[in-house]
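Visitor: Sharing a structure below in structure tokens format, with a few things to ask.
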Amino acid sequence: MRIRRAMFAASLWIVAGAASAAVKPGLEGGQELFRQNRWEDARQHLRAQWASIPEKDRGAATFLIGRAYVREAEFYRALRVFGDEIGLEYLGELVAARTSRNVAFIPLFTAFYEIDAGRDAEAARRLVLPAASASRPASIS
Numbered sequence: 023m024r025i026r027r028a029m030f031a032a033s034l035w036i037v038a039g040a041a042s043a044a045v046k047p048g049l050e051g052g053q054e055l056f057r058q059n060r061w062e063d064a065r066q067h068l069r070a071q072w073a074s075i076p077e078k079d080r081g082a083a084t085f086l087i088g089r090a091y092v093r094e095a096e097f098y099r100a101l102r103v104f105g106d107e108i109g110l111e112y113l114g115e116l117v118a119a120r121t122s123r124n125v126a127f128i129p130l131f132t133a134f135y136e137i138d139a140g141r142d143a144e145a146a147r148r149l150v151l152p153a154a155s156a157s158r159p160a161s162i163s
């Protein structure tokens with residue numbers, strides 16, 4: 023897990039730290055920005071230079087704009103999955119610690135992460151068990 027965290031941090035650094043160097047005009051510049059994982063920059067570059075892109079290259083430019091949106095969505099999906107894994111691991115460590123074993127919110131937040139990760143059956147079991155075993159306070163009139 024630590025290796026995966028380090029790889030993820032390195033990839034974030036690469037994406038965030040990409041220099042704003044000048045690129046070639048037209049489709050070629052947009053392709054270069056896309057290869058550098060600078061998806062928003064690639065879209066902006068192609069849109070700003072649309073009038074100067076030859077008609078024969080506009081189909082490829084349109085495709086590249088769409089592909090930049092898809093690649094960005096894939097990145098954020100991977101980020102969400104990674105966040106779910108980290109959240110579940112952290113809550114597992116809290117459960118393992120003696121001092122926090124009886125914290126009522128740990129199963130609740132674990133269930134939230136499980137739902138987000140697509141583990142609905144596990145989350146349902148986690149949510150039902152505390153509700154069934156907890157004594158409910160008398161209602162206030």
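So for the sequence shown, the working numbering puts the first residue at 23; every next one is plus one.
All C-beta atoms, glycine included, are put in the ideal place defined by N, C-alpha and C.
(1) Which stretch, first to last residue, makes up the alpha helix (DSSP H) that contains T132?
(2) Where does V150 sit, in a helix, a strand or coil, going by DSSP?
(3) Measuring straight from C-alpha to C-alpha, what distance separates Y98 and V117?
(4) By DSSP, does V45 sit in helix, in strand, or in coil?
(5) Just to confirm my understanding: we take D106, look at its own chain, exclude 5 residues before and 5 after, and list those with CB closer than 6 angstroms. What are they?
(6) Between which two residues does the alpha helix (DSSP H) carrying Q66 extend?
(7) When you compare the CB positions of Q66 and P47, do they come within less than 8 angstroms of one another, or not?
(8) Distance, Cα to Cα, A83 vs G114?
(9) Mind checking whether W61 and E111 have CB atoms under 8 angstroms apart?
(10) By DSSP, does A75 sit in helix, in strand, or in coil?
(11) Taking the CB atoms as reference points, tell me whether F56 and L101 lie closer together than 8 angstroms.
(12) Just the Cα atoms here: how many angstroms apart are E77 and F104?
(13) How would you write the range of the alpha helix (DSSP H) that A95 sits in, first residue to last?
(14) Using the beta-carbon count (16 or more within 10 Å), is A146 buried or exposed?
Guide: Concretely, from the data shown:
(1) F127 to D138
(2) helix
(3) 29 angstroms
(4) coil
(5) Y135, D138 and A139
(6) W61 to A70
(7) no
(8) 47 angstroms
(9) no
(10) The sequence given here places Ile at residue 75; Ala does not occur at that position. Note: I75 maps to coil in three-state DSSP.
(11) no
(12) 41 angstroms
(13) R80 to A118
(14) exposed
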